[in-house]
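What follows is a short report on a single structure.
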Amino acid sequence: AGIWLAGSRASFGALFAVLVMGLFIQALSFRNIVFGGAVAAATLAIIAALPFVVVLLGAGAGAGAGGGGGALDLMVFQMTPMSSDMERFTSIVGGLQLFLSHPLFGNGLGAYASDKITHGQFVVIHSTPIWLLAEMGLFGFLAFAVPAVRIFRNEWTSSSRDGVGQMLLLMLVTFGIMSLVHELLYQRALWLLLGGGLACVASHGRPEARTTAA
């Protein structure tokens, strides 16, 4: 329901990839997906009906009557405006230009922001990989990419993958796809989930390791 209300096309792409990955690694079932979709639809329907309920109950009828007719618009997917797309792609092109001018070590942290503030309004580069490449170059990008790939590979090839391993795989897929057209490096959820998952793996080990220790 939250993804629908956000109106982000990238989030739907990430959702599709996560559902496919979840089915493949057996973290989800078709029953889970159908149930989740039904609950999301019911939630949106209830939210859309609330203004009508308020009017019927006689509470704030004057205010509710005006907004009730537009409540059904909630059920129609609202895509991000064209102006937002232009800002996104403009920032990505600017980041690529900065990367090409200093491909190995980048132009320094804050270089893109400083340039945009000087010449106009600052817009965040709407792509985490492009931002890393622009400001820290190929070496800086690899400093983030290599550990992520290693974590994914370790969990993918693990013969005793548990719920924590499934979570790490799914979150890496989610953030990896979303970061292509959004800047997610500063999102605390990424680091909290990643740190919590890795801490759990490091402190408790795999199921067979706990059995052996016991």
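Counting from -16, one number per residue, gives the positions in the sequence shown under the numbering used here. Yeah, the Cβ is synthetic: ideal placement off N, Cα and C, and Gly gets one too. Values in this document were obtained by computation on a predicted structure and should not be read as measured data.
DSSP state of residue i, grouped into three classes?
i: Leu152; result: helix
i: Gly180; result: helix
i: Val164; result: coil
i: Ser141; result: coil
i: Val76; result: helix
i: Pro112; result: helix
i: Tyr95; result: helix
i: Ala10; result: coil
i: Gly159; result: helix
i: His85; result: coil
i: Val107; result: coil
i: Gly43; result: Residue confidence for Gly43 is low, a pLDDT of 49 falling below 50, so the modelled location carries little weight; the figure read from the coordinates is stated next. Coil at Gly43, not helix or strand.
i: Gly52; result: Annotation note: pLDDT 49 at Gly52 (below 50); position unreliable, no value reported.
What is the residue span of the alpha helix (DSSP H) that residue i lies within?
i: Asn15; result: 13 to 40
i: Ser(-6); result: -8 to 7
i: Leu(-12); result: -15 to -11
With a cut-off of 8 Å on the beta carbons, I'd call residue i and residue j a contact; round off their distance for me.
i: Pro112; j: Leu163; result: 7 Å
i: Val147; j: Gly180; result: 5 Å
i: Leu2; j: Ile(-14); result: That pair is no contact at about 12 Å.
i: Ile8; j: Leu152; result: 6 Å
i: Glu166; j: His109; result: 6 Å
i: Ser141; j: Val106; result: Actually they do not touch by this definition, with Cβ atoms about 40 Å apart.
i: Leu(-2); j: Gly5; result: Their Cβ separation, rounded to whole angstroms, is 10 Å, which puts Leu(-2) and Gly5 out of contact at 8 Å.
i: Thr26; j: Ala(-16); result: 4 Å
i: Phe127; j: Leu115; result: 6 Å
**Prompt:** Do the region 141 to 158 and the region 169 to 177 touch if we need at least three Cβ pairs shorter than 8 Å?
**Reply:** Cβ pair count under 8 Å is three or more, so yes.
**Request:** Could you tell me whether the region 84 to 97 touches the region 122 to 130, where touching means 3 or more Cβ pairs closer than 8 Å?
**Result:** Per the Cβ contact rule, the region 84 to 97 is in contact with the region 122 to 130 (3 or more Cβ pairs under 8 Å).
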